[in-house]
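**Student:** Taken in sequence, the protein lines are chains A, B and C.
Numbering of the first sequence is given in numbering that gives the first Met the number 0, commencing with residue 0 and proceeding in unit increments.
Numbering of the second sequence is given in numbering that gives the first Met the number 0, commencing with residue 0 and proceeding in unit increments.
Numbering of the third sequence is given in numbering that gives the first Met the number 0, commencing with residue 0 and proceeding in unit increments.
Heads up, the beta-carbon is just placed ideally off N, CA and C, and yes, glycines get one too.
Note that the structure is a prediction, hence the values are computed from the model and not measured.
Before I ask anything, let me first share the structure, which is written out below as structure tokens.
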Amino acid sequence: MTSSIIALTTDFGLRDYYVAAVKGVILGIAPNATIVDVTHEIEPHNVQQAAFVLLQVWPSYPAGTIHIAVVDPGVGSERRILLGRYAGQWVIAPDNGLVTFLHRELPVEVMHVVENRKFFAPALSSTFHARDIMAPVAAHLFQGTLPHEFGRTTDRIEMLSVNSQATITQNRVEGVVLYVDHFGTLVSNIRRDQIDRVAGSAGAQVSVNGQSIGTIHSTYSDVEPGEPVALWGSCDRLEVAVHRGRAVDRFGHDAPVALEW
Amino acid sequence: MTSSIIALTTDFGLRDYYVAAVKGVILGIAPNATIVDVTHEIEPHNVQQAAFVLLQVWPSYPAGTIHIAVVDPGVGSERRILLGRYAGQWVIAPDNGLVTFLHRELPVEVMHVVENRKFFAPALSSTFHARDIMAPVAAHLFQGTLPHEFGRTTDRIEMLSVNSQATITQNRVEGVVLYVDHFGTLVSNIRRDQIDRVAGSAGAQVSVNGQSIGTIHSTYSDVEPGEPVALWGSCDRLEVAVHRGRAVDRFGHDAPVALEW
Amino acid sequence: MTSSIIALTTDFGLRDYYVAAVKGVILGIAPNATIVDVTHEIEPHNVQQAAFVLLQVWPSYPAGTIHIAVVDPGVGSERRILLGRYAGQWVIAPDNGLVTFLHRELPVEVMHVVENRKFFAPALSSTFHARDIMAPVAAHLFQGTLPHEFGRTTDRIEMLSVNSQATITQNRVEGVVLYVDHFGTLVSNIRRDQIDRVAGSAGAQVSVNGQSIGTIHSTYSDVEPGEPVALWGSCDRLEVAVHRGRAVDRFGHDAPVALEW
């Protein structure tokens, strides 16, 4: 099956005309595209947050989906724009680390630099490449333009330095928070398969900021309202929540998370 | 006419990847569905607010529309998931009171428990049933799967204890606020048809928190900017607004609203 | 090419059921419409902000697009509803200044008053004309109803008094901020073509609140993080930003912006 989806992940917010301009350009060229807003509420300039969101949505989308990802404080500078394919889905994004997690966890199948001005808006602004470059490129790709027509291939891309992997010692894993969601839940870089390889997580004790919060549960309602609870979240990473509350208000954004057995 | 709409009402917010994951799963199975966001800004865990929004959007949607409603603090526990049909439209929701107002005001035509794992995601998370159960079930229903294939029927469902109906005495109605909208307008449980049956509302005096605000007007601009105004809102319930201002800032969320004649 | 887009610009916010009701009504009548949310985050009752957003999105949309614009504190009063066409695209809006910038900058091709109740909802509320009038009118226009069927033409419409044009003296332009975006960037009424006619902007000095911030740059990253930067924005108006920061927090909403050469 071929997807007819063009999915947008940006820090544009929803109150300005920016997202709508991108959509208008896409639909002007590719009127049959189904545009999906992944989110436009990435914290302004927070490349890591967007990179994490991309990784999390990938498994839910059909092959052929085209993602546009824009967190782009360097817009108008010499930073490049990439067109890549990971595990059957496309991503168009500035080359500033946005594909870091995709690149570490999924096979890269195609990677081009977007440079053929034939596909750009005729009057190119220096501050809105999402509208003037990424939207028309996505729409032309959707309409059947081949990836090599947009520019030469590359194998050197920018990566974030953040540690995707927790540190494992003999009876302990030490991790960091990669993402805080809008329920205030902390999503760590401790992955279930890492633990299962060395120890299994049954009986292991979780601590946040050095404070023990017990073993890993399977649902929020295993604890009383207001109590913290650790569980394997929907992306198979260790999450710390507060039942009907907000873990981030209790533990902060930068709490070290550890697991000991 | 058959609707091609799948409509989403959740407390997921718009900044995470949760809504997008749900949409990706739906479109992977039902690529021709038109997905409409009713809202994702339900206050976290506020089941009553979502239940009220469902009732309000119902009359605007065509028969056959499939609603997914998710405010689900009990996700992963033993709470059931329902698939019901009210007045020609479908709802898929956890069994925690989300259908309270629909159930009280509209005829229930079909009510099943969702339990056939054949329609669930193969790897079922314990915290994200919207993605792993409700989205694929909605998409398969859209594609033509019959309701009984999802699970057995039920006639016992959870209901909220909130009072949908105002209390009427001889020359007075006492109501409560059911909903506060983003303009700060208070929507009460006093319904026009109730009043019309006993007295008619012409000349009746409205009070909020025991303070009189005059008779019922027909538009906001019948009063000066900054002044409170009572009127029959777009859902035929008595509303209290402040012209170009916010009634909730003046009267609070829990103001008793009364009508006397 | 004919557009299949109906685009919505409102101050309804995303947490209530208002936007969803409008969409349901449209899709009930015009199931093949592609609905695009321009924004629903216009500041409540801020007609100028919506008028500016309309002007900015216009160039990105294909001919035939139908825009519904609703910032309507006078709903239910005697204010009229307009159906106009500017540069090939349609707008349906209350007659309260919402089309001010479109009307000043683009050719008006058609302008009707919406008054034929045949196209309204049968039970007309006094507070929700977006659902009961504008949505069905847009949907019937989409389905092929001719503009004159909705009501007679008019050439007298309400306009805002805001100054769209900056004031030019011999070696100086004085402007005001028309719009503040969600990055905190100030968008002024100083237009590139105005300056190019009299002087050209190379070497000209920009000041905000009387404080000099240097010449006009081409990208945000021409200055250090935290420093203010002036540039021609994506709508060819002079913008003042702070690199990786918020200009509005530094200079306020009402800062006079000047250019001197």
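Contact between the segment 178-197 of chain A and the segment 228-244 of chain A is defined here as three or more beta-carbon pairs at a separation below 8 Å; is this criterion met?
**Tutor:** Contact between the segment 178-197 of chain A and the segment 228-244 of chain A is present, because at least three Cβ pairs lie under 8 Å.
**Student:** Given that a residue counts as buried once 16 or more other Cβ atoms are within 10 Å of its Cβ, and exposed if not, what is B/D154?
**Tutor:** Position 155 of the second sequence, counted from the first residue, corresponds to residue 154 of chain B. B/D154 comes out exposed.
**Student:** Which runs of the alpha helix (DSSP H) spanning at least 4 residues fall entirely within the segment 125-165 of chain A, listed in chain order?
**Tutor:** Fully enclosed alpha helix (DSSP H) runs of 4 or longer: 134-141.
**Student:** Against chain B, which members of the segment 18-33 of chain C pass a CB distance test of less than 7 Å?
**Tutor:** Cβ contacts with chain B come from A19, A20, K22, G23, V24, L26, G27, P30.
**Student:** Among A/T64, A/E104, A/S124, A/H128, which one has its Cα closest to the Cα of A/D94?
**Tutor:** As a working note, residue 94 of chain A is residue 95 in the first sequence. Cα-wise, what sits closest to A/D94 is A/H128.
**Student:** Where are the beta strand (DSSP E) runs, 3 residues long or more, that stay fully inside the segment 199-253 of chain C, in chain order?
**Tutor:** Those beta strand (DSSP E) runs which fall completely within the segment 199-253 of chain C and span 3+ residues are 204-207, 210-213, 227-231, 236-241.
**Student:** For A/I156 and B/D71, I'd like the C-alpha separation in whole angstroms.
**Tutor:** Along the first sequence, read from residue 1 onward, the residue named residue 156 of chain A stands at position 157. Along the second sequence, read from residue 1 onward, the residue named residue 71 of chain B stands at position 72. A/I156 and B/D71: Cα-Cα distance of roughly 41 Å.
**Student:** Under 8 Å, do C/R130 and C/V35 count as touching if we go by C-beta distance?
**Tutor:** Translated into positions along the third sequence, residue 130 of chain C becomes position 131. Translated into positions along the third sequence, residue 35 of chain C becomes position 36. No, Cβ-Cβ distance for C/R130 and C/V35 is not below 8 Å.
**Student:** Short of 8 Å Cβ to Cβ, which residues in the segment 181-203 of chain B face chain C?
**Tutor:** Per Cβ criterion, the list reads H181, F182.
**Student:** Can you list, in chain order, the residues of its chain whose CB lies under 7 Å from that of B/V37, leaving out five sequence neighbours each side?
**Tutor:** As a first step, residue 37 of chain B must be located in the second sequence, where it is residue number 38. Same-chain partners within the cutoff: A6, L7, T8, V52, V56.
**Student:** Residues of the segment 208-230 of chain C with a CB closer than 7 Å to any CB of chain A: list them in chain order, please.
**Tutor:** Residues S217, T218, Y219, S220, L230.
**Student:** Any Cβ of chain B within less than 8 Å of the Cβ of A/S163?
**Tutor:** Here residue 163 of chain A corresponds to residue number 164 of the first sequence, with the count starting at 1. Not closer than 8 Å to any Cβ of chain B, the Cβ of A/S163 fails to qualify, so no.
**Student:** Just to confirm, are A/P146 and A/H111 a CB contact at a threshold of 8 Å?
**Tutor:** By 1-based counting over the first sequence, the position of residue 146 of chain A is 147. By 1-based counting over the first sequence, the position of residue 111 of chain A is 112. Contact: yes.
**Student:** Let's see if you can read the secondary structure: which residues bound the alpha helix (DSSP H) around C/D36?
**Tutor:** On the third sequence, position 37 is the one that residue 36 of chain C refers to. Where C/D36 is concerned, there is no enclosing alpha helix (DSSP H), although the beta strand (DSSP E) it sits in stretches over 33-38.
**Student:** Going by C-alpha distance, which of A/P227, A/R151, A/V69 is nearest A/P43?
**Tutor:** Indexing the first sequence from 1 puts residue 43 of chain A at position 44. Measuring from the Cα of A/P43, the nearest candidate turns out to be A/V69.
**Student:** Three or more C-beta pairs closer than 8 Å, one from the segment 12-26 of chain A and one from the segment 242-257 of chain A: is that the case here?
**Tutor:** Taking 8 Å as the limit for Cβ pairs, the verdict is that the segment 242-257 of chain A does not touch the segment 12-26 of chain A.
**Student:** Give me the residue from A/G143, A/A122, A/L159 with the minimum Cα distance to A/T64.
**Tutor:** Taking the first residue of the first sequence as position 1, residue 64 of chain A is located at position 65. Taking only the C-alpha atoms, the option nearest A/T64 is A/G143.
**Student:** Could you tell me if C/T99 is buried or exposed, where buried requires 16 or more neighbouring beta carbons within 10 angstroms of its beta carbon?
**Tutor:** Along the third sequence, one-based indexing puts residue 99 of chain C at 100. By the 10 Å Cβ count, C/T99 comes out buried.
**Student:** Tell me the residue span of the beta strand (DSSP E) that contains B/R84.
**Tutor:** Position 85 of the second sequence holds residue 84 of chain B. From DSSP, the beta strand (DSSP E) with B/R84 extends over 80-85.
**Student:** Using 8 Å as the threshold, is the C-beta distance between B/A240 and B/V228 below it?
**Tutor:** Your numbering for residue 240 of chain B matches position 241 in the second sequence. Your numbering for residue 228 of chain B matches position 229 in the second sequence. In this structure, B/V228 lies closer than 8 Å to B/A240 by Cβ.
**Student:** Kindly indicate which three-state DSSP category B/S59 falls into: helix, strand or coil?
**Tutor:** Residue numbering aside, residue 59 of chain B sits at position 60 when the second sequence is read from its first letter. B/S59: helix per DSSP, three-state reduction.
**Student:** Identify the contact partners of A/H44 in chain C, using a Cβ-Cβ distance below 8 Å as the criterion.
**Tutor:** Here residue 44 of chain A refers to the residue found at position 45 of the first sequence. Under the 8 Å cutoff, chain C gives R243.
**Student:** C/F127 touches chain B at which residues, Cβ-Cβ below 7 Å?
**Tutor:** In the third sequence, the residue the question calls residue 127 of chain C occupies position 128. Near C/F127 (Cβ distances below 7 Å), the residues of chain B are S233.
**Student:** Would a check of beta-carbon distances place A/V74 closer than 8 Å to chain C?
**Tutor:** Position 75 of the first sequence, counted from the start, is the residue given in the question as residue 74 of chain A. Judged by the 8 Å Cβ criterion, A/V74 is in contact with chain C.
**Student:** Would you kindly work out how many angstroms separate the C-alpha atoms of B/S206 and C/D15, rounded to a whole number?
**Tutor:** Residue 206 of chain B sits at position 207 when you count from the first residue of the second sequence. Residue 15 of chain C sits at position 16 when you count from the first residue of the third sequence. Straight-line Cα distance between these residues: approximately 25 Å.
**Student:** Distance, Cα to Cα, A/E77 vs A/G96?
**Tutor:** As a position in the first sequence, residue 77 of chain A is number 78, starting the count at 1. As a position in the first sequence, residue 96 of chain A is number 97, starting the count at 1. Using only the alpha carbons, I get a separation of about 15 Å.
**Student:** Which residue from C/S3, C/V18, C/I41 puts its Cα closest to that of A/A29?
**Tutor:** Residue mapping note: residue 29 of chain A aligns to position 30 of the first sequence, counting from 1. Considering only alpha carbons, the answer is C/S3.
**Student:** Under the three-state reduction of DSSP, which class applies to B/E259: helix, strand or coil?
**Tutor:** Looking up residue 259 of chain B in the second sequence gives position 260. DSSP places B/E259 in strand when its eight states are reduced to three.
**Student:** Could you tell me which residues DSSP puts in a beta bridge with C/L123?
**Tutor:** Position 124 of the third sequence, counting from 1, holds the residue named residue 123 of chain C. In the DSSP output, where bridge partners are listed per residue, C/L123 has none listed.
**Student:** Check distances from the C-beta atoms of the segment 49-76 of chain C to those of chain A and list, in chain order, the residues that come in under 7 Å.
**Tutor:** The residues in question are V52, Q55, V56, S59, Y60, P61.
**Student:** Would DSSP call C/G174 helix, strand or coil?
**Tutor:** Against the third sequence, residue 174 of chain C aligns to sequence position 175. Of the three classes helix, strand and coil, the one that applies to C/G174 here is strand, per DSSP.
**Student:** Which of the residues in the segment 97-125 of chain A, read from start to end, lie with their CB under 9 Å from any CB of chain B?
**Tutor:** Flagged: no residues at all.
**Student:** Expressed to the nearest angstrom, what Euclidean distance is found between the alpha-carbon atoms of A/R171 and B/V46?
**Tutor:** Residue 171 of chain A sits at position 172 when you count from the first residue of the first sequence. Residue 46 of chain B sits at position 47 when you count from the first residue of the second sequence. Those two C-alpha atoms are separated by around 40 Å.
**Student:** Could you check whether C/R84 and C/V295 sit closer than 8 Å to each other, using their CB atoms as the reference points?
**Tutor:** In this structure chain C extends from 0 to 260, so residue 295 of chain C is not present and cannot be described.
**Student:** Answer with buried or exposed for C/E148, where buried requires no fewer than 16 other C-beta atoms within 10 angstroms of its C-beta.
**Tutor:** Indexing the third sequence from 1 puts residue 148 of chain C at position 149. C/E148 comes out exposed.
**Student:** Under 8 Å, CB to CB, which of the residues in the segment 143-170 of chain A have a partner in chain D?
**Tutor:** The structure shown contains no chain D; the protein chains it does contain are A, B and C.
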